[in-house]
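Data block below; observations after.
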Amino acid sequence: MIVFKKLWPIMKEKGVTEYYLRDSFGIDRKTIKRLHQNGNVETKTLDKLCTALSCKLEDIAEYIPNKEDEN
Numbered sequence: 031m032i033v034f035k036k037l038w039p040i041m042k043e044k045g046v047t048e049y050y051l052r053d054s055f056g057i058d059r060k061t062i063k064r065l066h067q068n069g070n071v072e073t074k075t076l077d078k079l080c081t082a083l084s085c086k087l088e089d090i091a092e093y094i095p096n097k098e099d100e101n
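Here it is in structure tokens:
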């Protein structure tokens with residue numbers, strides 16, 4: 031499972047708001063909601079986030095194996 035728990039602290043650190051992502055980078059509310067819920071997002075959204083935050087993908091997302099996948 032991909033989780034975005036790193037995204038929110040880096041946004042706060044860099045002073046980037048959800049409004050800024052929507053207004054300046056075209057990331058809509060539904061997508062931001064999916065990010066909060068660790069849902070599916072397109073790679074172009076990840077690219078926009080990395081651009082907006084001047085960061086690498088591993089700075090905002092993390093892979094955590096599902097318990098079912100370990101069996």
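First residue of the sequence shown: 31, per the working numbering; consecutive thereafter. We put the CB at the ideal spot given by N, CA and C, even for glycine. These numbers come from a predicted model, not from an experiment.
Inset, instruction - Pull up the CB-CB distance for Glu72 and Lys35, whole angstroms please, since I reckon it's below 8 Å. - result: About 20 Å separates the two Cβ atoms, so there is no contact after all.
Legend entry - Three-state class that DSSP yields for Glu72 in the structure shown: DSSP places Glu72 in coil when its eight states are reduced to three.
Inset, instruction - Put Ile90 into one of helix, strand or coil per three-state DSSP. - result: Looking at Ile90 - three-state DSSP - the assignment turns out to be coil, as it is neither helix nor strand.
Inset, instruction - Put Ile57 into one of helix, strand or coil per three-state DSSP. - result: Correct three-state label for Ile57: coil.
Legend entry - Cα-Cα separation, Pro95 to Gly56: Computed Cα separation, rounded: 30 Å.
Legend entry - Run of the alpha helix (DSSP H) containing Pro39, from where it starts to where it stops: In this chain, the alpha helix (DSSP H) harbouring Pro39 covers 37–44.
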